[in-house]
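Chains as they are written, first to last, in numbering that gives the first Met the number 0: chain X, 0 to 296; chain A, 0 to 277.
For each residue, glycine too, the CB sits at the ideal point set by N, CA and C.
Each remark here refers to the structure printed beneath this line.
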Amino acid sequence: MPLARRRRPRPPLFAWLMVLPAVAVLLAVTIYPLIYSLRASFYRIELTFSTHWAWVGLDNYVRALTGDPRFWPAMYRSVQLVFFGVLIELVLGLGLALLLNRIARGRSVLTALLLIPVMMAPVVVATQGVVIFNVQFGPLNYLLSKLGVEGPIWLGDRAIALKTILLADVWQWTPFVAVIMLAGLKSLPSDLYEAAEVDGANAWQQFTSFTLPLLQPLIIVTVLLRAMDIFKVFDYVYVLTGGGPGDSTEVISFYTYLQGLQFFSFGYAAALSYLQLLLVSVFAAVLVRRMRKGLAT
Amino acid sequence: MNRPGRRRSGWGTALTWAVLLIALAFFVLPVVWIGLMSFKSQGEVFTYPPVFWPKNINLRYFGAALHGIGGKALKDSAIVASSSTAIALAVSVPTAYSISRFRVGGKNLAMWILSIRMFPPIASAIPLFLLFQKFGMLDTYWALIIAYLTFNVPFIVWLVKGFFDDLPRDLEEAALVDGSSPWQAFVRIALPLAVPGIITSGLLAFMFAWNEFLLALFLTRSQVRTLPVGLSSLVGGHEILWGQIGALAMMAILPVIILAVVLQRYIVRGLTLGAVKG
Numbered sequence: 000m001p002l003a004r005r006r007r008p009r010p011p012l013f014a015w016l017m018v019l020p021a022v023a024v025l026l027a028v029t030i031y032p033l034i035y036s037l038r039a040s041f042y043r044i045e046l047t048f049s050t051h052w053a054w055v056g057l058d059n060y061v062r063a064l065t066g067d068p069r070f071w072p073a074m075y076r077s078v079q080l081v082f083f084g085v086l087i088e089l090v091l092g093l094g095l096a097l098l099l100n101r102i103a104r105g106r107s108v109l110t111a112l113l114l115i116p117v118m119m120a121p122v123v124v125a126t127q128g129v130v131i132f133n134v135q136f137g138p139l140n141y142l143l144s145k146l147g148v149e150g151p152i153w154l155g156d157r158a159i160a161l162k163t164i165l166l167a168d169v170w171q172w173t174p175f176v177a178v179i180m181l182a183g184l185k186s187l188p189s190d191l192y193e194a195a196e197v198d199g200a201n202a203w204q205q206f207t208s209f210t211l212p213l214l215q216p217l218i219i220v221t222v223l224l225r226a227m228d229i230f231k232v233f234d235y236v237y238v239l240t241g242g243g244p245g246d247s248t249e250v251i252s253f254y255t256y257l258q259g260l261q262f263f264s265f266g267y268a269a270a271l272s273y274l275q276l277l278l279v280s281v282f283a284a285v286l287v288r289r290m291r292k293g294l295a296t
Numbered sequence: 000m001n002r003p004g005r006r007r008s009g010w011g012t013a014l015t016w017a018v019l020l021i022a023l024a025f026f027v028l029p030v031v032w033i034g035l036m037s038f039k040s041q042g043e044v045f046t047y048p049p050v051f052w053p054k055n056i057n058l059r060y061f062g063a064a065l066h067g068i069g070g071k072a073l074k075d076s077a078i079v080a081s082s083s084t085a086i087a088l089a090v091s092v093p094t095a096y097s098i099s100r101f102r103v104g105g106k107n108l109a110m111w112i113l114s115i116r117m118f119p120p121i122a123s124a125i126p127l128f129l130l131f132q133k134f135g136m137l138d139t140y141w142a143l144i145i146a147y148l149t150f151n152v153p154f155i156v157w158l159v160k161g162f163f164d165d166l167p168r169d170l171e172e173a174a175l176v177d178g179s180s181p182w183q184a185f186v187r188i189a190l191p192l193a194v195p196g197i198i199t200s201g202l203l204a205f206m207f208a209w210n211e212f213l214l215a216l217f218l219t220r221s222q223v224r225t226l227p228v229g230l231s232s233l234v235g236g237h238e239i240l241w242g243q244i245g246a247l248a249m250m251a252i253l254p255v256i257i258l259a260v261v262l263q264r265y266i267v268r269g270l271t272l273g274a275v276k277g
């Protein structure tokens, strides 16, 4: 960073004035609400009955972590989605990127088309899922039946529904991972590969000894971005399953929504949202540290 | 690393293309299916085996959707997304410049702003619901416009800062030597050069607001209803009007497809918060 090293003793007043509006806005719309909800999380607030806030101390947190039979299962479902979602999207995305990197022409058209899912509202993706996964007239099970496979009841089977949510996420975000990986592949030094080829290294050896290690920083950032994003998944669940059948797709963000907007237990919902904030902060801290070091391809 | 000319058999290329085209079908056909659904009659939607092409191109569902909740939803989404983006741009661009050029607040301010972008929306939704209820602002445009600043201000600051970082500083320094004020150097020299980056960031911010659902679900009811909320209420309705759902979905998708084409080079940079330049 040659810019930082130039003589620049301290920012002028003018520079501080320029950041003032944004900092004021962020304090007002994020920090103040967060303090407000931290306070709310120490109260019992049942808006169905009254607007009265009753002090309960840490009870909401204790209830979530030890007493609530729905908290840990919901958390576990979210973690499952994160784990398998990140894994599948990374493998498929990297594979897709390797293929895209091989073709001589048409790459930018293909990439533009592949980015359509990434740009769509998750609610629209879920709506599309309602049609595609429909067991009576949906095209997916019809297609599977043509291939001689009996399609599952995508949204109505307790054992399948969470996997269907996962499929929606994989559909929407694999192209995103692919395009990131493609950017990484394009930045790799080609002379390295030419030398390896002269030495007789085969494609797999080149992949494991150059491509993967060189892409590693990019892969880590991608994993963190996707993990944070999948942990927040809400829209698919709301539209596709409503948390059901039974509680089989009740992920933590959806459960928090239920406690808030359905049961109107806002103190408890605030505590739940704080627990999620803490967990996401861990990922965010690692990611921010990586980005501070300045990862660029 | 792009080596199209390397020894590669015709079969290898054919296989690559075959897999890519299958992948393309997987990622794009569902969207085409929904698009075609918006032209189908209710009967055609329910046929088994499903029909791909509608018999007639039937535009009445677009009309019905526009007269039903769609027209209002389109308007509400446009108002909320564009107002929120405009306000976010106005407060964020000077900040981005200041952080880029003067390193105001050291690295901590920049990193603090970046980390706000990563908040789970549910953590904002709960307190904002309580606060807007207290101030009687639930179910208003302002509730959503303000709520969307929580992610769009950090996003624009961070992304536009990256674009300013890429600009050479020589012109501004020359202007300062010639007696311009720092503000003049910013407005007359840096700002015009950063316009492409600013527009890109603004369009992506618009898209985030356009697509947002959770906060809209918490903070609005009947007076304000954005497209995602309208769409979800149609899907959950008693009588499911598939044609209208398809039409509404298309209204939500078309603007972002146009963005995907226009912004292709910058989407990755935007969605990774500048971590990947693409």
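Using a Cβ-Cβ cutoff of 9 Å, what residues of the region 11 to 24 of chain X are near chain A? List them in chain order.
Pro11, Phe13, Ala14, Trp15, Leu16, Met17, Val18, Leu19, Pro20, Ala21, Val22, Ala23, Val24
Output the boundary residues of the beta strand (DSSP E) element that contains alanine 53 (chain X).
52 to 54
Considering only residues of the same chain and omitting the five flanking positions on each side of lysine 160 (chain A), which have a CB-CB separation below 6 Å?
Ala95, Ile98, Ser99
The region 72 to 89 of chain A in contact with the region 146 to 160 of chain A per 3-pair CB rule at 8 Å
yes
Let me see if you follow: with CB-CB separation under 8 Å, is methionine 290 (chain X) close to chain A or not?
yes
Report the three-state DSSP secondary structure of isoleucine 115 (chain A) (helix, strand or coil).
helix
Quick check: the region 49 to 68 of chain A against the region 118 to 133 of chain A, are at least 3 beta-carbon pairs closer than 8 Å?
no
Whole-angstrom C-beta distance between leucine 216 (chain A) and valine 228 (chain A), which should lie under 8 Å:
6 Å
Between proline 191 (chain A) and chain X, is any beta-carbon pair separated by less than 8 Å?
no
I want to know whether the region 245 to 259 of chain X touches the region 20 to 40 of chain X - three or more CB-CB distances under 8 Å.
no
Go ahead and pull the three-state DSSP assignment for glutamate 193 (chain X).
helix
Grouping DSSP H, G and I as helix and E and B as strand, with all else coil, what is arginine 291 (chain X)?
helix
For serine 264 (chain X): DSSP bridge partner residues
X:Glu45
Taking arginine 59 (chain A) as part of the alpha helix (DSSP H), name the residues at either end of that continuous run.
59 to 64
Specify, as a first and last residue, the run of the alpha helix (DSSP H) that arginine 69 (chain X) falls within.
Segment: none, arginine 69 (chain X) is in no alpha helix (DSSP H) and carries neither H nor E.
Buried versus exposed, by CB contacts within 10 Å (16 or more), alanine 3 (chain X):
Only weak support exists for where alanine 3 (chain X) lies, its pLDDT of 48 falling under 50; the value from the coordinates is given anyway. When all chains shown are included, alanine 3 (chain X) counts as exposed.
Residue nearest to leucine 57 (chain X) in terms of C-alpha spacing, selected from X:Ser280, X:Pro72, X:Tyr267:
X:Tyr267
Could you name the residues of the same chain whose beta carbon sits closer than 6 Å to that of threonine 84 (chain A), not counting the 5 residues immediately before and after it, in chain order?
Gly201, Ala204, Phe205
Distance cutoff 8 Å, beta carbons only. Does isoleucine 115 (chain X) sit that close to anything in chain A?
yes
Could you tell me whether any Cβ in chain A is nearer than 8 Å to the Cβ of valine 220 (chain X)?
yes
Euclidean distance between Cα positions of leucine 114 (chain X) and leucine 166 (chain X):
17 Å
Determine the burial state of asparagine 107 (chain A): buried for a count of at least 16 other Cβ atoms within 10 Å of its Cβ, exposed for fewer.
exposed
Along the region 90 to 105 of chain A, what residues have a CB closer than 8 Å to any CB found in chain X?
Val90, Ser91, Pro93, Thr94, Tyr96, Ser97, Ile98, Arg100, Phe101, Arg102, Val103, Gly104
I'd like to know if serine 36 (chain X) contacts chain A, where contact means its C-beta is closer than 8 Å to some C-beta of that chain.
yes
Take the Cβ of arginine 225 (chain X) as the centre, count every other Cβ of all protein chains shown within 10 Å, and call the residue buried at 16 or more, exposed below.
buried
Continuous alpha helix (DSSP H) assignments of at least 4 residues falling wholly in the region 151 to 235 of chain A
169 to 176, 190 to 210, 213 to 218, 226 to 234
What residues in its chain sit with their C-beta under 6 Å from that of valine 103 (chain A), if we drop five residues either side in the sequence?
Ser97
What separation, rounded to the nearest whole angstrom, lies between the Cα atoms of leucine 257 (chain X) and lysine 162 (chain X)?
21 Å
First and last residue of the alpha helix (DSSP H) that includes proline 138 (chain X)?
138 to 145
Determine contact between the region 21 to 30 of chain A and the region 112 to 130 of chain X, defined as no fewer than three beta-carbon pairs at a distance below 8 Å.
yes
Consult DSSP for arginine 104 (chain X) and reduce its assignment to one of helix, strand or coil.
coil
Contact criterion: CB-CB distance below 8 Å. Does serine 179 (chain A) meet it with respect to chain X?
no
If you follow the alpha helix (DSSP H) that methionine 250 (chain A) is part of, which residue opens it and which one closes it?
241 to 261
Minimum Cβ-Cβ distance from proline 48 (chain A) to chain X less than 8 Å:
yes
Closer than 7 Å, Cβ to any Cβ of chain X: which residues of the region 217 to 240 of chain A, in chain order?
Phe217, Pro227, Leu230, Ser231, Val234
Range covered by the alpha helix (DSSP H) that runs through isoleucine 78 (chain A)
70 to 101
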